[in-house]
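Novice: Quick note, the sequences are listed as chains A and B, same order. As numbered in the numbering used here, residues 1 to 379 make up the first sequence, in order. As numbered in the numbering used here, residues 1001 to 1283 make up the second sequence, in order. Yeah, the Cβ is synthetic: ideal placement off N, Cα and C, and Gly gets one too. A single structure is presented below for examination.
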Amino acid sequence: MEFGWSAEEEAFRAELLAFADANLPAGWTTRIPGEEPYSDFTVEFCRKLGAKGWLAPHWPEAYGGGGDVSPWRFTILSEELWAMGEPRGSQYMNTNWIGPAIIAAGTEDQKRRFLPPIAAGEALWCQGFSEPGAGSDLGAMSTKAVRDGDDYVITGEKVWTSYAGKAHHCFLLARTGDPAGEGQGISIFLVPMDAPGVSVAPIPSMLDIHVIHHLKFDAARVSAANRLGPENGAWPIVREALVNERVGAPRHIRAARVLDQVVAAAKAADRLEDRALAAAGEARAVCLAARALVHKVRQMGAGGRDPGALAYLARAAVVDAERAVADVAADLAGPEDLTSGSVTDGEFRTALIAGLGGGSYETQLNLVARLWLKLPKAA
Amino acid sequence: MDFELDGAQAAVLARVDAALAQGPEDELFERLRSAGLAALNPLAATLAAERLSRAGAVTPFAVHALVLPLLFETDPGGVAAIAGTRGEGPVAFGAQANLLIRFEGDTAAAYRCDPARGTATQANYIYPLGRAVPEGQAIGRAPAAAVRRRMRLALAAEAVGALDAALAMTASYLTGREQFGRPLGAFQALQHRAAELAVRVEGARWLTRTAAWSDQDEDAALAAAHATRAARRMAWEAHQLHGARGFTDAYGLGRHTLRLQYLSIAMGGPGAHGGDAGRARWL
C-alpha cells in the first residue's frame, strides 16, 4: 500500500498541463464541465488529444487505445481535464464508458466501426436511458424496438438526455421483449442520430450550465448490426457501463478547486470567519476522501475488471463532496455571487446534477446497502 | 499508487492479529511491543492501530508507535500519556503513565512521572482516563506541530477501527432482527441510513491511510476531521438503528461508540481539526 504518483506519472501530468496551457483559450478553466459539450474548440481539442493518444490510453491498441494496463494515466487525464472545465466537452463520456461497453460486448464489426473514431476525437455520443415514465425504475421503460427483417423499428421517447444536440450516435435502451421475461426484455442499440424518425429538442431548465434534451423516436429504423450484445441482454452490459460512468467524472477534484477559489475570495474580502474556515476544511476532507475512494475503485476496475460495490459507494462520496463544497460556497457568498456564471452559482447547479446524473444518489445507496453491507433486498 | 497491502504491511497485521489472539488484554501492549510493533513507519503503524481498535482493544499502542519516535530514538519503555492539547484535564492512560508529553508553545516535551502519583478519573469512555504528575527536567522534545500530526493519525486510525466495528454490528443487527414480519434491513429508510454510514466509514479509512502515507500536517488534520465527523454520526445512528439492545453491556456496541465519542472530543471535534486543516491550506 502506497499512495504516491510515480516519476513517470508526474511527468505525464506536467506534460498534460503544459499542453492544456498552450491550447486552452483564456478564461476557459472557469467553465463548468458539460457547459460547452461540442463547440468548435472542444471538438478541435479532442482531435489534438486523440492524435497524442490521450483520449483512450486505457483501451486496447487494436481499437485506437494506448494499451495501458495501469489505470493512472487515464485517471490523471480525467482529473486534470475535468478540473479545468472539461475541454473534452461531451467526449469524456465516450472514453469513460461508451467505448468500454463496446469493447466488452461489441461484435468485431462494431468495435472496428465505433471505437477508432472515439479514440481519435471524431465521435459525439449521447445516452438514451430515462423516459417520461421510467427514471430510476429503468425496467419500466416503454420505448420499443420491433424486429423487421434486418432492422429494428424504434418508437418511443427519452428525456433529460445530455449532449444530444449534435450527437452522432445514441447509446439507447429499448424494449425488445416481455418485461417479465429474460433480462426484463431490454436491449441496447447504437442508434445513428441522423436516422429518419429521430428528433431532438432542448428542454428548458433552471440548470443554465447544462442543456438537457427530449429525444423522440418515431418508427426510426436501425440495422440489427447496431444492436449491442444479445437481444434482451442489456443489463449486464449496462451494469458495467454504469460502474464506469459513476466514477468517470472526477467531480470531487473540481469541487476542491472551487473551494480554494471561494475561500481565497472570502479571505480577500475579509469575511473568512473561523467557523467558515473550519467548514471549508471539513469540505476539503470530504473531497479528498472521495478522491481516495475513486482511486481505489480505479485500481480495482483496471483492465475491465469489476470493481464491485465500492464503485457505488465512491459515487455517493463524490456527490457528498459536490454538496459540501456548494454549501461552503453559499456560506461564504456575497450578493455578487448571485450573478449568472459566478463560481458559486455554477457550483450550486452542478452539485444538483451530481445527485442524479449517472443514476440517483438513492440508487447508489440501495446498491451499497445490498452489495456492500449485504442487507436484505428492500420489500 | 497501490491500495493493496504489501508483504511487509500484511506481516504487521498478522503479528497484530497474533498478539490479539494470544492472551489477556492487560498484557496486550507488552506483547505488541515485544513483537517489534512499536517501531513501524507511519502507514504501517496506522494500519495496526486501526486493526487493534476494530478488535475493541484498549491500548496505548497508537501513541507509542506514531508519536514517541518523534521524541525518542529508542523505545523508552513504560506507558506514555499526552496532555494539554485542549487545556488541562484527564487524558487517556494518565493514571498509568510513567511518561507524560506536554505542549509548551511550539514544542512538545516529555517528562518522567510516577504512576503511583497519578490519579484516575471517574469516566466511562473505554480508555482509562486520569492525570499524571510530571517530574524533573524534560527528557525528550519534538516540534508541537509534528506531535499533533501523529496524534491525529493515531486518533483517526482508532476512530476508523471503531467505526468499522460499529457499522459491522449495525449491518448484522439489521439483517437478523425482524419486526413487522421482515428484517429491519429490508426497510429502505434504514438501508439508506446504513449506506450513508458506510460511505463515511470507507472515506475516513482511505483518507486516514493516505494521510499516514504522506505524513503531512494538513492531511492528518483532514483525516481527523473526516473521521471525527463520521464518529459523531455513527454514535447516533448505530444506537438508533439498534434500539435499546445496543445500550446493553452484553451486546457491546458501547465499546465502540463510547470510544468514538472520546475520540471526537480528545483533540477537539471535527470543526477543530477542519479549522487547523483550513489554516494550513489557506492562511
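1) A:Q261 touches chain B at which residues, Cβ-Cβ below 7 Å?
2) Using a 10 Å radius around the Cβ and a threshold of 16 neighbouring Cβ atoms, would you call A:V146 buried or exposed?
3) Could you name the residues of chain B that A:A324 contacts, counting a contact when the two beta carbons are closer than 8 Å?
4) Below 8 Å, can you find three or more Cβ-Cβ pairs linking the segment 1239-1252 of chain B to the segment 1110-1117 of chain B?
5) Would a C-beta distance cut-off of 7 Å place B:L1066 and B:L1153 closer than the cut-off?
6) The ligand FAD heavy atoms versus the CB of B:A1045: any closer than 6 Å?
7) Take A:K267 as the anchor and find which of B:A1266, B:L1260, B:G1278 has the nearest alpha-carbon.
8) Only counting the same chain, and skipping five residues up and downstream in sequence, which positions put a Cβ closer than 8 Å to that of A:Y92?
9) Hey, would you say A:S90 sits closer than 7 Å to A:D151, going by beta carbons?
10) If you check the beta carbons only, do A:L375 and B:G1185 fall under 7 Å apart?
11) How would you write the range of the alpha helix (DSSP H) that A:W125 sits in, first residue to last?
12) Alpha carbon to alpha carbon, how far is B:Y1111 from B:G1036?
13) For A:V286, return the contacting residues in chain B, with the cut-off set at a CB-CB distance below 8 Å.
14) Under 9 Å Cβ-Cβ, which residues of chain B neighbour A:F114?
15) Give a yes or no on whether the C-beta atoms belonging to A:A354 and A:R257 are separated by under 7 Å.
16) Who are the Cβ neighbours of A:W72 in its own chain at under 6 Å, not counting the five residues just before and after it?
17) For a test of the three-state rule: what should DSSP assign to A:L228, helix, strand or coil?
18) For a contact meaning CB atoms closer than 9 Å, what does B:R1286 contact in chain A?
19) Name the residue from A:P100, A:T29, A:S162 whose alpha carbon lies nearest to the alpha carbon of A:Y63.
20) Based on the DSSP output, what are the partners of A:I188 in its beta bridges?
21) Based on DSSP bridge pairs, tell me the residues matched to A:D148.
22) In terms of alpha-carbon separation, which member of A:R13, A:I212, A:F45 lies closest to A:W28?
23) What are the residues in the segment 1240-1274 of chain B lying within 8 Å of chain A by C-beta distance?
24) Suppose contacts are defined by Cβ-Cβ distances below 7 Å. Is A:L172 in contact with A:V191 by that definition?
25) Between B:D1002 and chain A, is any beta-carbon pair separated by less than 7 Å?
26) Would you check if the distance between the CB atom of A:G181 and the CB atom of A:W235 is smaller than 7 Å?
27) Can you grab the Cα-Cα spacing for the pair B:A1145 / B:P1069, in whole Å?
28) What does the alpha-carbon distance come out to for the pair A:A123 and A:P117?
29) Would B:A1108 pass as a contact of B:A1081 if the rule is Cβ separation under 7 Å?
30) Quick check on A:A219: buried or exposed, where buried means 16 or more other Cβ atoms within 10 Å of its Cβ?
31) List the residues of chain A that B:W1236 touches, going by C-beta distances under 7 Å, in chain order.
32) On a Cα-Cα basis, can you pick out the residue from A:A280, A:V368, A:R13, A:E2 that is closest to B:E1202?
33) Tell me, which residues are paired with B:A1083 by DSSP?
34) The beta strand (DSSP E) with A:H214 in it runs from where to where?
35) Looking at the C-beta of A:F12, does it have a partner C-beta in chain B at a distance below 7 Å?
36) Check whether the Cβ atoms of B:T1208 and B:A1223 lie closer than 7 Å to each other.
Specialist: Straight from the coordinates:
1) Stepping through the first sequence from its first residue, residue 261 of chain A is reached at position 261. Chain B residues near A:Q261: none, gap ~11 Å exceeds 7 Å.
2) The sequence position of residue 146 of chain A within the first sequence is 146, counting from 1. Looking at its Cβ environment, which holds fewer than 16 other Cβ atoms inside 10 Å, A:V146 is exposed.
3) Here residue 324 of chain A corresponds to residue number 324 of the first sequence, with the count starting at 1. Result: empty, since nearest Cβ-Cβ is about 10 Å, beyond 8 Å.
4) no
5) On the second sequence, residue 1066 of chain B is found 66 positions in, with the first residue counted as 1. On the second sequence, residue 1153 of chain B is found 153 positions in, with the first residue counted as 1. Contact flag set, yes.
6) The model on display carries no ligand, and the ligand FAD is accordingly not part of it.
7) Here residue 267 of chain A refers to the residue found at position 267 when the first sequence is read from its first residue. Of B:A1266, B:L1260, B:G1278, the residue nearest in Cα terms is B:G1278.
8) Translated into the one-based positions of the first sequence, residue 92 of chain A becomes position 92. Excluding positions up to five away in sequence, the list reads P33, S78, L81, W82, E86, G248, A249.
9) Taking the first sequence and counting its residues from 1, the one referred to as residue 90 of chain A is at position 90. Taking the first sequence and counting its residues from 1, the one referred to as residue 151 of chain A is at position 151. Contact flag unset, no.
10) Locating residue 375 of chain A in the first sequence gives position 375, where the first residue counts as 1. Locating residue 1185 of chain B in the second sequence gives position 185, where the first residue counts as 1. It is a contact, given that the beta carbons lie within the stated cut-off.
11) By one-based count along the first sequence, residue 125 of chain A stands at place 125. Here A:W125 belongs to no alpha helix (DSSP H); instead the beta strand (DSSP E) covers 125-128.
12) Numbered from 1 along the second sequence, position 111 holds the residue referred to as residue 1111 of chain B. Numbered from 1 along the second sequence, position 36 holds the residue referred to as residue 1036 of chain B. Taking the straight line joining both Cα atoms gives about 24 Å.
13) Position 286 of the first sequence, counted from the first residue, corresponds to residue 286 of chain A. Result: G1203, H1226.
14) Taking the first sequence and counting its residues from 1, the one referred to as residue 114 of chain A is at position 114. Correct list: empty, because the minimum Cβ distance to chain B is about 31 Å.
15) Position 354 of the first sequence, counted from the start, is the residue given in the question as residue 354 of chain A. Position 257 of the first sequence, counted from the start, is the residue given in the question as residue 257 of chain A. Taking 7 Å as the Cβ cut-off, A:A354 and A:R257 do not qualify as a contacting pair.
16) Along the first sequence, read from residue 1 onward, the residue named residue 72 of chain A stands at position 72. Contacts found: E9.
17) On the first sequence, position 228 is the one that residue 228 of chain A refers to. DSSP places A:L228 in strand when its eight states are reduced to three.
18) Any answer about residue 1286 of chain B is impossible in this case: the structure gives chain B only from 1001 up to 1283.
19) The residue labelled residue 63 of chain A in the question sits at position 63 within the first sequence. Out of A:P100, A:T29, A:S162, A:P100 has the C-alpha closest to the C-alpha of A:Y63.
20) Counting from one through the first sequence, the residue named residue 188 of chain A turns up at place 188. The partner list for A:I188 (beta bridge, DSSP) reads A:L173, A:L228.
21) Here the question's residue 148 of chain A lines up with position 148 in the first sequence. Beta-bridge pairing links A:D148 to A:D151.
22) Along the first sequence, read from residue 1 onward, the residue named residue 28 of chain A stands at position 28. When only C-alpha atoms are compared, the closest one is A:F45.
23) P1270, G1271, A1272, H1273, G1274
24) The count along the first sequence starts at 1 and reaches residue 172 of chain A at position 172. The count along the first sequence starts at 1 and reaches residue 191 of chain A at position 191. Result yes, Cβ atoms of A:L172 and A:V191 sit closer than 7 Å.
25) In the second sequence, residue 1002 of chain B corresponds to position 2, counting from 1. B:D1002 counts as touching chain A.
26) Taking the first sequence and counting its residues from 1, the one referred to as residue 181 of chain A is at position 181. Taking the first sequence and counting its residues from 1, the one referred to as residue 235 of chain A is at position 235. Result no, Cβ atoms of A:G181 and A:W235 do not sit closer than 7 Å.
27) Here the question's residue 1145 of chain B lines up with position 145 in the second sequence. Here the question's residue 1069 of chain B lines up with position 69 in the second sequence. Their backbone Cα atoms lie some 14 Å apart in a straight line.
28) Position 123 of the first sequence holds residue 123 of chain A. Position 117 of the first sequence holds residue 117 of chain A. Straight-line Cα distance between these residues: approximately 6 Å.
29) Taking the first residue of the second sequence as position 1, residue 1108 of chain B is located at position 108. Taking the first residue of the second sequence as position 1, residue 1081 of chain B is located at position 81. Taking 7 Å as the Cβ cut-off, B:A1108 and B:A1081 do not qualify as a contacting pair.
30) Translated into the one-based positions of the first sequence, residue 219 of chain A becomes position 219. It counts as exposed.
31) The residue labelled residue 1236 of chain B in the question sits at position 236 within the second sequence. In chain order: nothing, as chain A lies at least about 17 Å away.
32) As a position in the second sequence, residue 1202 of chain B is number 202, starting the count at 1. Out of A:A280, A:V368, A:R13, A:E2, A:V368 has the C-alpha closest to the C-alpha of B:E1202.
33) Reading the second sequence from its first residue, position 83 is the one you call residue 1083 of chain B. Paired residues: B:R1102.
34) Taking the first residue of the first sequence as 1, we reach residue 214 of chain A at position 214. Per DSSP, A:H214 belongs to the beta strand (DSSP E) from 212-223.
35) Translated into the one-based positions of the first sequence, residue 12 of chain A becomes position 12. It does not: the Cβ of A:F12 has no partner Cβ on chain B nearer than 7 Å.
36) As a first step, residue 1208 of chain B is located in the second sequence; it is residue number 208 there, counting from the start. As a first step, residue 1223 of chain B is located in the second sequence; it is residue number 223 there, counting from the start. The answer is yes: Cβ separation under 7 Å.
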